[in-house]
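Undergrad: One structure, pasted below without further comment.
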């Protein structure tokens, strides 16, 4: 079966439907599947539930799907960089389920690994624990969190081979591997598809079994918060 | 007289011990990296998936694939390792990180911490803070002792939604250093030029000896 598609629109064909759940990789604007997000905007799919650590910024990343009101609900840990998000949420147009960052990562990992739920110390004694099962382990309280299985996942890697084996680069890895595994179908965009056999099998970060469709493209890779130091004279 | 942001960070850096893996939060905690004492080697964890965080890059050498949890461009070090977010929080929840230094909106005498939302006003999210306070070995909070309106942020009990319950070990503010102990907070150290009377007047929490 051929996994490589010519572009993002083709790679999403037949997969999108109103009301679906999407797991997305990325942290801030780092390692986000920007080409697939743009294609979902073009497709106009609505009432989306999106599990993603962040919601992009106004006009980039998942922010573009917020601007077009294609998103019904976000499952995120931090949305502080997005004014349109804040406006839609405070006016009641957008649902938001805050998850602690590690809980969100583990919910995606668990969903992809066939784990229905897990108990964690994170959130004990906070609003996050409201309504959740509490269990004592070794005398300490843990709360039950459930795995997330998404209709599709959209992720970004650095390199792939045509079989879908992925290599990520630096901190652009972030949520991409757990999000990739959480989707029933995973679509991945990369900067370069390299020939079979050119990736060292010992250096593959995510094996191709998790990746169903693949595209190569050019990425803007916008920097959210550029910080530098001066060279000493 | 009191400590400024950089002096708070410098005092917090004295908490670090050689060989520790440490997570620094956003804001004043990030400044702590500038004051790591001579002879103390610590490895900084960034919860977006990195151990061994280096300084900001030189101008022109920024890499969009290399950022910290505050989304700032940074650099790597010879000992740097990268990993995904689930691995990152496995080491956090698993107790492998010795200390987290975090900011706060409010802190209470029982060690409760609130730093993630103001209902109806500020809706940003907890990011990794709830996981950090639940998992790391020791939690140090750095913050201003009072609000812009002069109200104490060191309270008998938090009024804002909690990040963690009974999780704080030490509090470092512009006015001094406190430990969370049975019965309340214990004054450890006053900031330069701050009297104990001034410190007590700015503290709502119970101070014990």
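Chains as they are written, first to last, in this note's numbering: chain F, 1 to 233; chain E, 1001 to 1209.
Quick reminder that beta carbons are idealized off the backbone N, C-alpha and C, glycines included.
1) On the DSSP bridge list, what partners appear for residue 1100 of chain E?
2) Do we get a CB-CB distance below 8 Å when we pair residue 223 of chain F with the residues of chain E?
3) So with CB distances below 8 Å, who are the chain F contacts of residue 1009 of chain E?
4) Taking only runs of the alpha helix (DSSP H) that begin and end inside the stretch 91-135 of chain F, which ones reach a length of at least 4 residues, in chain order?
5) I want to check one thing, is the minimum distance from the CB of residue 1187 of chain E to the heavy atoms of the ligand GDP below 7 Å?
6) Runs of 3 residues minimum, wholly inside the stretch 1056-1115 of chain E: which ones carry the beta strand (DSSP E) assignment?
7) To which residues does DSSP link residue 151 of chain F through a beta bridge?
8) For the beta strand (DSSP E) containing residue 1177 of chain E, name the first residue and the last one.
9) Taking CB distances under 8 Å as the criterion, tell me whether residue 89 of chain F reaches chain E.
10) Check each residue of the stretch 23-52 of chain F: if its Cβ is closer than 8 Å to any Cβ of chain E, include it; give the result in chain order.
11) Where are the beta strand (DSSP E) runs, 3 residues long or more, that stay fully inside the stretch 155-233 of chain F, in chain order?
12) Exposed or buried, residue 220 of chain F, counting other C-beta atoms within 10 Å across all chains shown (16 or more means buried)?
13) Look at residue 71 of chain F and residue 1125 of chain E and say whether their C-beta atoms are less than 8 Å apart.
14) Would a check of beta-carbon distances place residue 230 of chain F closer than 8 Å to chain E?
15) Please list, in chain order, the chain F residues whose beta carbon lies closer than 9 Å to that of residue 1155 of chain E.
16) Return helix, strand or coil for residue 68 of chain F, following the three-state DSSP convention.
17) Round the Cβ separation of residue 1108 of chain E and residue 1156 of chain E to the nearest angstrom and send it over; I've been treating them as touching at under 8 Å.
18) Using 10 angstroms around the beta-carbon of residue 1118 of chain E, count the other beta-carbons present and answer buried if the total reaches 16, otherwise exposed.
19) When the Cα atoms are used, what is the spatial distance from residue 1096 of chain E to residue 1046 of chain E?
20) Does the stretch 160-177 of chain F come close enough to the stretch 196-212 of chain F to have 3 or more Cβ pairs within less than 8 Å?
21) For the beta strand (DSSP E) containing residue 1170 of chain E, name the first residue and the last one.
22) What's the call for residue 139 of chain F, buried or exposed, on a 16-neighbour Cβ count within 10 Å?
23) Under the three-state reduction of DSSP, which class applies to residue 63 of chain F: helix, strand or coil?
24) Thinking just about the alpha-carbon of each residue, which of F:58, F:59, F:61, F:12 is nearest to the one in residue 45 of chain F?
25) Looking at C-alpha atoms only, which residue of F:74, F:56, F:144, F:23 is the closest neighbour of residue 152 of chain F?
26) Count Cβ pairs between the stretch 58-75 of chain F and the stretch 27-46 of chain F that sit closer than 8 Å; are there 3 or more?
27) Check whether chain F comes within 8 Å of residue 1198 of chain E, counting only Cβ atoms and requiring the distance to be less than that.
28) In this structure, how does DSSP classify residue 1199 of chain E when only helix, strand and coil are distinguished?
29) Does the Cβ-Cβ distance between residue 25 of chain F and residue 156 of chain F come in under 8 Å?
30) Using beta carbons (cut-off 8 Å, strictly below), is residue 322 of chain F in contact with chain E?
31) Do the stretch 1134-1142 of chain E and the stretch 1089-1104 of chain E touch if we need at least three Cβ pairs shorter than 8 Å?
32) In chain E, which residues lie less than 8 Å from residue 78 of chain F when you measure between Cβ atoms?
33) Does the beta carbon of residue 1169 of chain E come closer than 8 Å to any beta carbon on chain F?
34) Interface residues of chain F around residue 1050 of chain E at Cβ under 8 Å?
35) So, for residue 1103 of chain E: in the same chain, excluding its five sequence neighbours on each side, which residues have a beta-carbon less than 8 Å away from its beta-carbon?
36) Would you say residue 176 of chain F lies against chain E (beta-carbon separation less than 8 Å)?
TA: Per the coordinate set shown:
1) E:1023, E:1139
2) yes
3) Correct list: empty, because the minimum Cβ distance to chain F is about 16 Å.
4) 101-112
5) As for the ligand GDP, it is missing from this structure, which has no ligand bound.
6) 1076-1082, 1099-1102, 1106-1108
7) Residue 151 of chain F is not bridged to any residue.
8) 1176-1181
9) yes
10) 27, 28, 29, 30, 31
11) 183-193, 213-216
12) exposed
13) no
14) yes
15) Correct list: empty, because the minimum Cβ distance to chain F is about 16 Å.
16) coil
17) 6 Å
18) exposed
19) 13 Å
20) yes
21) 1170-1173
22) exposed
23) helix
24) F:12
25) F:23
26) yes
27) no
28) helix
29) yes
30) Residue 322 of chain F lies beyond the range of chain F shown here (1 to 233); nothing can be said about it.
31) yes
32) 1124, 1125, 1126, 1127
33) no
34) 170, 171
35) 1025, 1026, 1027, 1028, 1029, 1115, 1141, 1142, 1143
36) yes
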